[in-house]
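Enquirer: Residue numbers (the working numbering), protein chains in the order written: chain G, 4 to 113; chain Z, 81 to 192.
Heads up, the beta-carbon is just placed ideally off N, CA and C, and yes, glycines get one too.
Just dropping this structure here.
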């Protein structure tokens, strides 16, 4: 979506941390999301964060939100081959319809 | 497995034809959302239904329509199909927590 931007590709070594970045433009965004799409599969909701939060941690995933800069990031600790996928950043507001970025293809190399 | 089912998985049809995509939400979810994923437009919100009523509309063409039935399943109807309608069509559902949308596996539509 034109309101959400993310880099297209990320290559990371197995065991390292991955950081995927996203910027959005809608200041009324209430929720920011990260979805994962594996080849031939649907979208899996990984995590989401409310706009009044700065950080959310869920096992290997850490989401950081800088509301002033409208910047969202997803950090994956100890990246594994199973983490290879396309990661979509999305924003939503009170009408619940989501606007997605173009997706970041993460490739994990041995 | 998100619990959202979509049929068919693949659909190949010719230009000018009409197709119907079906979605069954997770058990108990009242909201259904339709999204289109194409190479040139990315993932775009089409339409949302809540308990049978249309709630929100996005970039949905007039040739497209949807409905949600009393048993909460939803259908997306695409008519006068064009080559550019070839895409993955996703259905998502949400329940008591409307911020959590769970996506189905998608229907891949190919228009030839």
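When you compare the CB of residue 105(G) with every CB in chain Z, is at least one pair closer than 7 angstroms?
Expert: Taking the first residue of the first chain as 1, we reach residue 105(G) at position 102. Closer than 7 angstroms: yes.
Enquirer: Taking a cut of 8 angstroms between CB atoms, which residues from the stretch 121 to 133 of chain Z lie near chain G?
Expert: Cβ contacts with chain G: 122, 123, 124, 125, 128.
Enquirer: Can you name, in chain order, every residue of its own chain whose Cβ lies under 8 angstroms from the Cβ of residue 110(G), other than the five neighbours on each side?
Expert: Numbered from its first residue, the first chain carries residue 110(G) at position 107. The residues are 12, 13, 14, 15, 87.
Enquirer: Whose Cβ in chain G lies nearer than 8 angstroms to the Cβ of residue 136(Z)?
Expert: Within the second chain, the letter at position 56 stands for residue 136(Z). Residues of chain G passing the Cβ test: 98, 99, 100.
Enquirer: How many whole angstroms separate the CB atoms of residue 150(Z) and residue 132(Z), which I take to be in contact at a CB cut-off of 8 angstroms?
Expert: Taking the first residue of the second chain as position 1, residue 150(Z) is located at position 70. Taking the first residue of the second chain as position 1, residue 132(Z) is located at position 52. With 8 angstroms as the limit, residue 150(Z) and residue 132(Z) qualify as a contact, their Cβ atoms being about 7 angstroms apart.
Enquirer: In three-state terms, what does DSSP make of residue 95(G)?
Expert: One-based indexing of the first chain puts residue 95(G) at position 92. Three-state DSSP puts residue 95(G) in a strand.
Enquirer: Along the beta strand (DSSP E) that carries residue 41(G), what are the first and last residues, could you check?
Expert: Mapped onto the first chain, residue 41(G) falls at position 38. From DSSP, residue 41(G) is part of no beta strand (DSSP E); its letter is neither H nor E.
Enquirer: Using a Cβ-Cβ cut-off of 6 angstroms (strictly less than) and excluding sequence neighbours within five positions of residue 24(G), which residues of its own chain qualify?
Expert: Taking the first chain and counting its residues from 1, the one referred to as residue 24(G) is at position 21. Counting only Cβ-Cβ distances below 6 angstroms, and skipping sequence neighbours, we find 76.
Enquirer: If you follow the beta strand (DSSP E) that residue 176(Z) is part of, which residue opens it and which one closes it?
Expert: Position 96 of the second chain, counted from the first residue, corresponds to residue 176(Z). It is not in any beta strand (DSSP E) - residue 176(Z) carries neither H nor E in the DSSP assignment.
Enquirer: Unbroken beta strand (DSSP E) runs of length 3 or more, entirely within the stretch 139 to 168 of chain Z: which are they?
Expert: Whole beta strand (DSSP E) segments, 3+ residues: 144 to 148, 154 to 158.
Enquirer: Does residue 185(Z) get closer than 7 angstroms to chain G when you measure Cβ to Cβ?
Expert: Stepping through the second chain from its first residue, residue 185(Z) is reached at position 105. Closer than 7 angstroms to some Cβ of chain G, the Cβ of residue 185(Z) qualifies, so yes.
Enquirer: Buried or exposed for residue 39(G), going by 16 or more other Cβ atoms inside 10 Å?
Expert: Locating residue 39(G) in the first chain gives position 36, counting from the first residue. Result: buried.
Enquirer: Under 6 angstroms Cβ to Cβ from residue 80(G), same chain only, skipping five residues before and after it: list those, please.
Expert: Numbered from 1 along the first chain, position 77 holds the residue referred to as residue 80(G). Only 20, 63 meet the Cβ criterion.
Enquirer: Do the CB positions of residue 34(G) and residue 7(G) come within less than 7 angstroms of each other?
Expert: On the first chain, position 31 is the one that residue 34(G) refers to. On the first chain, position 4 is the one that residue 7(G) refers to. Not in contact: residue 34(G) and residue 7(G) (Cβ atoms no closer than 7 angstroms).
Enquirer: Examine chain Z for any beta-carbon lying closer than 7 angstroms to the beta-carbon of residue 45(G), and answer yes or no.
Expert: Here residue 45(G) is taken as the residue at index 42 of the first chain, counted from 1. Output row for residue 45(G): interface = yes.
Enquirer: Please tell me whether, using a cut-off of 6 angstroms, the distance from the CB of residue 114(Z) to the nearest non-hydrogen atom of the ligand SAM is below it.
Expert: Looking for the ligand SAM in the displayed structure turns up nothing, as the structure carries no ligands at all.
Enquirer: Can you look up residue 4(G) in the DSSP assignment and give me helix, strand or coil?
Expert: Taking the first chain and counting its residues from 1, the one referred to as residue 4(G) is at position 1. Confidence at residue 4(G) is low in this model, with a pLDDT of 44, below 50, so its placement is unreliable and no value can be given for it.
Enquirer: Compare the C-beta of residue 115(G) against all C-beta atoms of chain Z and say whether one is closer than 7 angstroms.
Expert: With chain G represented from 4 up to 113, any question about residue 115(G) goes unanswered, as that position is not in the structure.
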